[in-house]
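*Asks:* Chains as they are written, first to last, in our numbering: chain A, 173 to 403; chain B, 577 to 894.
Here you go, one structure.
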Amino acid sequence: MIFFNKVTKIYPPYLNKEERVVLEDVSFRLSKGDFICLVGRSGAGKTTLLNLLLGEEKPTSGEVFFDRINIHKASVNNSHRIKRRIGTIFQDYKLLSSKTVYGNIAYAMEVTGSSDEEIARVVPKALSTVGLEKQAFQFPHQISGGEKQRTAIARALIHDPEVILADEPTGDLDPYNARDVLSLLLEINKAGTTIILATHNKDIVNSVGRRVITIRDGKVASDSNQGKFIL
Amino acid sequence: MERWQVILTKVNLYCNMKNIFLNSFKRMIRLGWDNFYREKGISFVAVFVLTVVIIMATSIFIIGAITEDIIDSVKEKADITIDFQLSASEEEILEVQKEIEGAFEITSIKYTSKEEAKTAFIRRFGDRSSVMESLEEVGNPFPSSLSIKADDPYIYQQVSDFLENNYSAIVNSVDFYHRQEVIEGIFSFTDNARKVGLVLVIIMGIISILLVYNTVKLAIYEMREEIRVMKLVGSSNAFIQGSFIVQGVLMGLAATVLSFILLFPGGYLLVSPYDISIDIDINRYVFEMMPLIIIIHLGTGIVLGVLSSLIAANRYLK
Chain A
173 MIFFNKVTKI YPPYLNKEER VVLEDVSFRL SKGDFICLVG RSGAGKTTLL
223 NLLLGEEKPT SGEVFFDRIN IHKASVNNSH RIKRRIGTIF QDYKLLSSKT
273 VYGNIAYAME VTGSSDEEIA RVVPKALSTV GLEKQAFQFP HQISGGEKQR
323 TAIARALIHD PEVILADEPT GDLDPYNARD VLSLLLEINK AGTTIILATH
373 NKDIVNSVGR RVITIRDGKV ASDSNQGKFI L
Chain B
577 MERWQVILTK VNLYCNMKNI FLNSFKRMIR LGWDNFYREK GISFVAVFVL
627 TVVIIMATSI FIIGAITEDI IDSVKEKADI TIDFQLSASE EEILEVQKEI
677 EGAFEITSIK YTSKEEAKTA FIRRFGDRSS VMESLEEVGN PFPSSLSIKA
727 DDPYIYQQVS DFLENNYSAI VNSVDFYHRQ EVIEGIFSFT DNARKVGLVL
777 VIIMGIISIL LVYNTVKLAI YEMREEIRVM KLVGSSNAFI QGSFIVQGVL
827 MGLAATVLSF ILLFPGGYLL VSPYDISIDI DINRYVFEMM PLIIIIHLGT
877 GIVLGVLSSL IAANRYLK
């Protein structure tokens with residue numbers, strides 16, 4: 173389903189900084205329904221890898237395929253279609269402060285041309301999946317970090333994506349909320365959605381017990397199915 | 577699959593696409609309005625700057641039109657008159673007129689017969705008995721003449737030389753030689769006035785565009801996070817750009833209305849019809865040119881609003 177083929181990403185020299193090799197010759201495959209933990213120190217290249225998959229950045233060399241489509245050579249329409257098949261979750265939630273929980277989730281449908289009826293039918297279901305029915309009309313500043321992340325997960329689920337990219341989703345959460353978010357991701361994965369979880373949290377990785385890809389100095393240092401955090 | 581099933585599938589697909597397009601269009605307008613309304617402070621600043629620019633553009637236009645008229649009026653004053661010998665017949669003079677019309681690029685030529693010259697004199701000085709008595713004694717001392725107007729002082733020179741070389745027997749005098757300096761001075765002044773005007777318009781235009789662009793850029797900078805979220809949830813660039821076009825149009829419309837309210841009643845109160853020796857009435861310009869001014873207002877406001885919004889938003893779409 174997802175195939176990174178000898179991907180290298182080099183940031184060109186900028187101001188007084190020299191060029192920086194962020195990813196070097198990275199290759200791996202993911203199948204539908206996989207749950208992988210992408211681990212590595214801060215700056216190891218995890219976020220760059222996710223951005224490459226989202227089409228936000230282009231590789232210096234190599235290719236990234238999503239369902240046999242080269243993401244970086246796809247037409248504009250195909251590229252948007254692919255993006256809608258990928259849900260994203262971030263450490264800083266990326267919620268719009270001017271919108272309620274309901275509004276933030278509905279927004280993802282509004283900007284992609286869904287009708288009002290469709291939004292009214294789908295959003296409550298997403299709220300119920302993440303257990304936020306009661307907080308539906310509260311604003312982000314009125315809810316906890318865990319609730320914010322669950323809102324972000326509901327928003328990511330709204331287009332029924334085949335893949336969810338979670339970049340340090342538990343980074344700002346206490347252990348209890350982190351566990352809740354992780355359980356939610358595992359549940360979503362059980363329903364068939366591929367999950368790519370980028371983290372440097374050892375406990376999270378070990379508790380999941382799934383495939384772990386370790387990135388070190390921009391290279392794949394290990395790709396293990398034993399679910400152990402090795403740095 | 578049966579043929580009818582294929583057709584049905586295509587019709588369904590078409591209807592779905594149409595619905596998505598209509599929904600997107602509706603939401604684009606709503607989102608543009610929401611952005612405009614929600615960011616009141618920034619929208620206000622952007623509208624204010626656009627209003628100043630529109631007023632500047634309109635003022636430049638009105639001042640330009642008035643200057644053109646002044647220039648034309650001044651040019652109107654620059655003409656030459658050829659006085660013919662009293663012995664020259666009307667046929668001979670009309671022959672000269674025909675030749676000048678054929679040979680030179682003049683804007684007008686007018687023949688005044690002796691009788692017409694005398695009538696004009698009487699109309700002007702008829703109330704002065706001493707003058708009229710003298711006129712009766714002398715008979716008709718006025719020569720027939722041709723008055724010529726042209727856009728280029730060089731033509732006057734050519735016509736004068738032409739007459740001197742070919743018709744010196746019937747031409748008494750050409751007043752170009754006495755007025756040469758004045759005529760050339762007028763033309764040089766009008767040319768310079770146009771050049772200065774053009775340079776001013778270009779400078780003001782560049783300043784206006786930079787001013788509006790930077791204000792709108794600031795407004796969109798505030799929304800960069802929202803743009804990023806829109807992209808993350810799968811919104812197309814066209815949709816995002818569309819919402820900024822709507823926002824730009826709204827800014828332009830608001831600025832158009834505001835500048836209209838400020839410019840016209842204000843202008844009417846401030847500027848009483850002023851009269852200089854060349855008969856220019858500023859209110860005539862403002863009110864006669866109203867449709868054109870409205871187009872300039874809307875054009876400047878909307879085009880600047882939309883272009884600035886699009887250019888600024890595109891930074892975050894790359």
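We put the CB at the ideal spot given by N, CA and C, even for glycine.
#1: What residues match up with S884 of chain B in a beta bridge as DSSP calls it?
#2: Evaluate G761 of chain B with the Cβ neighbour count: other Cβ atoms within 10 Å of its Cβ, from every protein chain shown; 16 or more gives buried, anything less gives exposed.
#3: Quick one: what's got a C-beta closer than 8 Å to V380 of chain A's C-beta in the same chain, skipping five residues either side?
#4: Chain A partners of F815 of chain B, CB-CB under 7 Å?
#5: For the segment 785-816 of chain B, enumerate the residues whose C-beta is nearer than 9 Å to any C-beta of chain A, in chain order.
#6: How long is the line joining the alpha carbons of A944 of chain B and S885 of chain B, rounded to whole angstroms?
#7: If I'm right that L226 of chain A touches I258 of chain A with Cβ under 8 Å, what's the distance once you round it to whole angstroms?
#8: Using a C-beta cutoff of 7 Å, does S764 of chain B count as contacting chain A?
#9: Quick one: what does DSSP say V295 of chain A is sitting in, helix, strand or coil?
#10: For V283 of chain A, which three-state DSSP category applies?
#11: Which bits of chain B does T260 of chain A rub up against, with CB to CB less than 9 Å?
#12: P184 of chain A to N177 of chain A, Cα distance in whole Å?
#13: In three-state DSSP terms, what is G259 of chain A?
#14: Thinking C-alpha only, which one of B:I821, B:R603 and B:L874 is nearest D288 of chain A?
#15: Does the beta-carbon distance from Q823 of chain B to G640 of chain B come in below 7 Å?
#16: Under the rule that 16 or more other beta-carbon atoms within 10 Å means buried, what is I325 of chain A, buried or exposed?
#17: Could you check whether L329 of chain A and A308 of chain A sit closer than 7 Å to each other, using their CB atoms as the reference points?
#18: For G818 of chain B, which residues of its own chain have a beta-carbon under 7 Å away from its beta-carbon, when the five flanking residues on both sides are left out?
#19: Would you say S600 of chain B faces chain C, with C-beta separation under 7 Å as the test?
#20: Indicate whether at least one CB of chain B lies closer than 7 Å to the CB of A246 of chain A.
#21: Nearest-angstrom Cα distance between K594 of chain B and Y265 of chain A?
#22: When you compare only the Cα positions, how much space is there between V882 of chain B and V788 of chain B?
#23: So is M827 of chain B buried or exposed if we call it buried at 16+ other beta carbons inside 10 Å?
#24: Take the Cβ of T219 of chain A as the centre, count every other Cβ of all protein chains shown within 10 Å, and call the residue buried at 16 or more, exposed below.
#25: Beta carbons nearer than 9 Å to chain A: which residues of the segment 587-599 of chain B have them?
#26: From the DSSP output, which residues share a beta bridge with L195 of chain A?
#27: Sort A:E340, A:Q321 and A:T365 by Cα distance to D375 of chain A and report the nearest one.
#28: Measure from the alpha carbon of V625 of chain B to the alpha carbon of each residue in B:S723, B:I887 and B:L786, then state which is nearest.
#29: Skipping 5 residues on each side, what residues in its chain have a beta carbon closer than 7 Å to that of G317 of chain A?
#30: Measure how close the beta-carbons of L235 of chain A and G390 of chain A come, nearest whole angstrom, since I'm counting them as under 8 Å.
#31: Quick one: is S884 of chain B near chain A, going by C-beta distance under 7 Å?
*Replies:* Put simply:
#1: S884 of chain B pairs with nothing; no bridge assigned.
#2: When all chains shown are included, G761 of chain B counts as exposed.
#3: The beta carbon of V380 of chain A lies closer than 8 Å to those of F207, C209, L354, L358, L369 and G399 in the same chain, with the five residues before and after it left out.
#4: V283, listed in chain order.
#5: Under the 9 Å Cβ criterion, the segment 785-816 of chain B contributes E801, E802, R804, V805, M806, K807, L808, V809, G810, S811, S812, N813, A814, F815 and I816.
#6: The requested residue 944 of chain B does not occur in the structure, where chain B is confined to residues 577 to 894.
#7: About 6 Å separates the beta carbons of L226 of chain A and I258 of chain A, which is inside the 8 Å limit, making them a contact pair.
#8: Chain A has no Cβ within less than 7 Å of the Cβ of S764 of chain B.
#9: The answer is helix: DSSP assigns V295 of chain A an H, G or I state.
#10: Residue state, collapsed to three classes: coil.
#11: Per Cβ cutoff of 9 Å: L808 and V809.
#12: Each residue's alpha carbon lies about 21 Å from the other.
#13: In the structure shown, G259 of chain A sits in a strand (DSSP, three-state: E or B).
#14: Selected option, being the one with the closest Cα: B:R603.
#15: 7 Å or more divides the Cβ of Q823 of chain B from the Cβ of G640 of chain B.
#16: Under this definition I325 of chain A is a buried residue.
#17: Between A308 of chain A and L329 of chain A, the gap from beta carbon to beta carbon reaches 7 Å or more.
#18: Counting only Cβ-Cβ distances below 7 Å, and skipping sequence neighbours, we find M604.
#19: Of the protein chains in the structure, A and B, none is chain C.
#20: At least 7 Å separates the CB of A246 of chain A from every CB of chain B.
#21: In a straight line, the C-alpha of K594 of chain B is about 33 Å away from that of Y265 of chain A.
#22: Computed Cα separation, rounded: 10 Å.
#23: Classification for M827 of chain B: buried.
#24: Taking all protein chains shown into account, T219 of chain A has 16 or more neighbouring C-beta atoms within 10 Å of its C-beta and is therefore buried.
#25: Going along the segment 587-599 of chain B in chain order, one finds N595, I596, F597, L598 and N599 with a Cβ nearer than 9 Å to chain A.
#26: Answer is A:K181.
#27: The residue with the shortest Cα to Cα distance from D375 of chain A is A:E340.
#28: Residue B:L786 is the option with its Cα nearest to V625 of chain B.
#29: These residues qualify, in order along the chain: D344, L345 and N349.
#30: One detail in the question is off: residue 235 of chain A reads as Glu in this sequence, not Leu. No, E235 of chain A and G390 of chain A are not in contact; Cβ-Cβ is about 17 Å, not under 8 Å.
#31: No, because no Cβ of chain A sits closer than 7 Å to the Cβ of S884 of chain B.
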